[in-house]
Amino acid sequence: MRRIVAVAGIVLATGCVSQDAFRKKEAEAAVAKARGAELEGSLARTEEELKAAREKNAALQASVDEMAASKSRLEAKRAELETKSAEYEKMASALRRQIDSGRIELTELRGKMTVKMKDKILFSSGSSTLGREGKEALASVAEVLRGVEGKVIRVEGHTDNVPTGTARTNWDLSTARALSVVRFLQEAGVDPKRLAAAGYGEFQPLASNDTPEGRSQNRRIEIVLASADAPPDVAAPVPAAPAN
Numbered sequence: 233m234r235r236i237v238a239v240a241g242i243v244l245a246t247g248c249v250s251q252d253a254f255r256k257k258e259a260e261a262a263v264a265k266a267r268g269a270e271l272e273g274s275l276a277r278t279e280e281e282l283k284a285a286r287e288k289n290a291a292l293q294a295s296v297d298e299m300a301a302s303k304s305r306l307e308a309k310r311a312e313l314e315t316k317s318a319e320y321e322k323m324a325s326a327l328r329r330q331i332d333s334g335r336i337e338l339t340e341l342r343g344k345m346t347v348k349m350k351d352k353i354l355f356s357s358g359s360s361t362l363g364r365e366g367k368e369a370l371a372s373v374a375e376v377l378r379g380v381e382g383k384v385i386r387v388e389g390h391t392d393n394v395p396t397g398t399a400r401t402n403w404d405l406s407t408a409r410a411l412s413v414v415r416f417l418q419e420a421g422v423d424p425k426r427l428a429a430a431g432y433g434e435f436q437p438l439a440s441n442d443t444p445e446g447r448s449q450n451r452r453i454e455i456v457l458a459s460a461d462a463p464p465d466v467a468a469p470v471p472a473a474p475a476n
């Protein structure tokens, strides 16, 4: 009997130990499962972060590539702007004395060369008749223009906004002055088929007309050399009134 009781106790104890072990294993499994789920979530977040980082890196690389391309375009454009044509170099050499003295300004941009002359060098106030100093300066310009090929030579007259004090408007005065220069260039041997005149009055100022210095800059003649194939970029000239 005692033996039976002892065996029953051992069986009962063994059952308790097995149940505790099972519960422990079950708890460990639950912890492991939770840990696995946590790791899977962490992995998913890491993958999302990695994807976002790759997309950001791709965007940054695209930005870098665009900046590099933009820099190349700017450098090419700067080189283009800094490169002067043979006509420019020839004109600058021929007009060096007038340029150095400030009587003439010479510029070139995108294949369009401009000879700018202040009106006081060419004309007396309110007049469209060329003076001696103006004819001397224009003679040097004409000498170079005679050898220029494939260019349209457009003479543009500009004034300030001060009324002329005569029956002529600033439109009339600017156009009459441009025509006077065109006639002089033609008489000096420049092909008239390549010559044109335009008057802009006071409506294309370079500076403010509120100061004497600004008005002086705005009163000017510009001789523009553009490619004969280029479309015109200005409005049609206003017909000049008969010179007084």
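Position one of the sequence shown corresponds to residue 233 (the numbering used here), numbered consecutively onward. Backbone N, C-alpha and C fix where the C-beta goes; we use that ideal spot for every residue, glycine too.
Just checking, does the region 438–447 make contact with the region 363–377 on the three C-beta pairs under 8 Å criterion? no
Is there a Cβ from chain C that is less than 8 Å from the Cβ of Arg364? This model lacks chain C altogether, as it is built from one protein chain only.
How should Ala468 be labelled, buried or exposed, when 16 other C-beta atoms within 10 angstroms of its C-beta is the threshold for buried? Note that Ala468 scores 38 on pLDDT, short of 50, meaning its location in the model is unreliable and no value can be drawn from it.
In angstroms, rounded to a whole number, what distance separates the CA positions of Glu307 and Ala460? 27 Å
Minimum C-alpha distance to Ala429 - residue among Asp442, Gly389, Pro395: Gly389
Taking Cβ to Cβ, would you say Asp404 is nearer than 8 Å to Asn450? no
For Ile336, the nearest candidate out of Lys316, Ser372, Glu279, Lys344 (CA to CA): Ser372
With respect to the beta strand (DSSP E) encompassing Glu388, which residues constitute its N-terminal and C-terminal limits? 383–390
Taking contact to mean at least 3 C-beta pairs separated by less than 8 Å, is the region 408–416 in contact with the region 339–359? yes
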